[in-house]
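One structure below.
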Amino acid sequence: LVLDEVRLPAPGDTPGAPLPVSVIGQVPATDVVIGRLLVGEEDYGRWRFELRAESGDLRLRGLEARLRDVDVAATEDMVWRGATDTTTFTGTLRMTNLAEVLPQWGYAANVETESAELTGTFSWPGSPIAFGLMKLAGT
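With the sequence shown counted from 1, adding 383 to any position gets you the numbering used here.
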């Protein structure tokens, strides 16, 4: 499935959870390419992944994305666990100069680098689209 642009409502624009866990069993196996993802008016860049529902979970295999000068690469399947309604991402975030990247995420440009790389495992409550920096837990 190749989509030039996908628009999702901004958090708070619709009542309830962004996606209920009941959709997990309804998602067909699909290879997805999104040229531009918009959440409300916020641009979340381009995405590529394989969607697979397995044993009550939804897996995003081979996740790669480019958003706000950050390259995202999952080293394991990103998993939305139906039993706990949590999402887990294991992978790497690569950036160039943080003085240019941080303001795009609403942070002060108080660090200057040639490049930066973060590797870890992070989880948050809800579906993959319920992501929020302040909801993250992990290492």
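Don't be surprised by glycine CBs; every beta carbon is placed ideally from N, CA and C. None of the values given here were measured: they were computed from a predicted structure.
How long is the line joining the alpha carbons of residue i and residue j, rounded to whole angstroms?
i: Asn493; j: Ala499; result: 14 Å
i: Gly521; j: Thr471; result: 9 Å
i: Trp463; j: Thr469; result: 6 Å
i: Leu420; j: Glu447; result: 13 Å
i: Glu497; j: Gly408; result: 44 Å
i: Asp531; j: Ala436; result: Residue 531 is absent from the structure shown; the chain starts at 384 and stops at 522.
i: Gly509; j: Asp452; result: 25 Å
i: Ala513; j: Met478; result: 23 Å
i: Leu443; j: Pro486; result: 28 Å
i: Leu384; j: Gly445; result: 15 Å
i: Ala412; j: Gly418; result: 19 Å
i: Leu434; j: Ala466; result: 18 Å
Here's the rule I'm using: 16 or more other beta-carbon atoms within 10 Å means buried, otherwise exposed. How should residue i be labelled?
i: Arg526; result: Residue coverage of the chain in this structure runs from 384 to 522, which leaves residue 526 outside it and unanswerable.
i: Thr414; result: The sequence given here has Asp at residue 414, not Thr. When all chains shown are included, Asp414 counts as exposed.
i: Asp387; result: exposed
i: Val410; result: exposed
i: Val339; result: Nothing about residue 339 can be reported from this structure: the residues present for the chain run from 384 to 522 only.
i: Pro511; result: buried
According to DSSP, residue i sits in a beta bridge with which residue or residues?
i: Phe514; result: DSSP output for Phe514 lists no bridge partner at all.
i: Arg390; result: Leu421
i: Gly408; result: DSSP lists no partner for Gly408.
i: Pro508; result: Thr469
i: Thr413; result: Leu434
Does any C-beta atom of chain C lie closer than 8 Å to the C-beta of residue i?
i: Val494; result: Looking for chain C here will not work: only one protein chain is present.
Practice problem: Starting from the N-terminal side, write out each stretch of the alpha helix (DSSP H) that is 4 residues or longer and does not extend beyond the segment 423 to 502. | Solution: Entirely contained in the segment 423 to 502, the alpha helix (DSSP H) runs reaching 4 residues are, in chain order, 481 to 484.
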